[in-house]
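Numbering (the working numbering), first residue to last: 213 to 388.
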């Protein structure tokens with residue numbers, strides 16, 4: 213039995229990151245996390261290209277264009293869609309996810325999903341690696357928000373996914 217897996221070594225891989233400007237206070241943290249994770253695993257500045265788009269709805273078309281360029285082994289899509297009082301959240305979040313999936317399948321290039329879909333800004337900030345401070349013994353804003361611990365950066369998680377998927381596709385090509 214043969215098992216194919218991707219590792220987390222960048223080697224000569226090139227990555228594109230497409231990041232939304234909307235909700236920049238969150239997305240900029242995701243972007244910092246993604247870049248730091250890529251560099252920690254061996255990427256150089258020359259191996260990373262960042263494209264900024266207005267919002268999460270705009271991520272798929274630019275991710276597809278970057279994937280189709282043949283310049284990148286993987287694309288990382290970063291954004292934050294935060295629920296409001298209207299159905300807008302559902303349309304943007306769903307179409308963004310669907311568009312990124314379609315772009316990845318059509319191009320054959322992994323597009324790592326680093327788009328947060330949260331109910332509020334506090335949840336988004338947590339998932340962007342920002343610890344939310346409370347006074348000792350203070351009430352937490354919501355039961356599902358763990359404000360006492362740093363939960364990690366989903367931009368960094370998406371970057372690790374991109375590295376692993378790029379290497380897995382290489383392993384599949386080599387196994388022929």
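No residue lacks a Cβ here, since even glycine has one placed at the ideal position from N, Cα and C.
Practice item. Indicate whether the contact test is met: 3 or more Cβ pairs, each with one atom in the stretch 299 to 311 and one in the stretch 244 to 254, closer than 8 Å. Key: no
Review point. Between residue 292 and the rest of its own chain, which residues show a CB-CB distance below 6 Å, the 5 nearest in sequence each way excluded?
Key: 235, 238, 239, 328, 336
Practice item. Report the residue ranges of all alpha helix (DSSP H) runs contained in full by the stretch 237 to 312; include only those spanning at least 4 residues, in chain order. Key: 271 to 280
Exercise for review: Please confirm if the stretch 263 to 281 is in contact with the stretch 364 to 374, defined as three or more CB-CB distances below 8 Å between the two stretches.
Suggested key: no
Review point. Excluding sequence positions up to five away, which residues of its chain have a Cβ less than 7 Å from the Cβ of residue 246?
Key: Cβ within range, chain order: 229, 288, 290, 326, 367, 368, 370, 371.
Check your understanding: Skipping 5 residues on each side, what residues in its chain have a beta carbon closer than 8 Å to that of residue 214?
Key -> Close CB contacts of residue 214 within its chain, under the 8 Å cut and outside five residues either way in sequence, are with 387 (chain order).
Practice item. With a 10 Å radius around its C-beta and 16 neighbouring C-beta atoms as the bar for buried, classify residue 376 as buried or exposed. Key: Residue 376 comes out buried.
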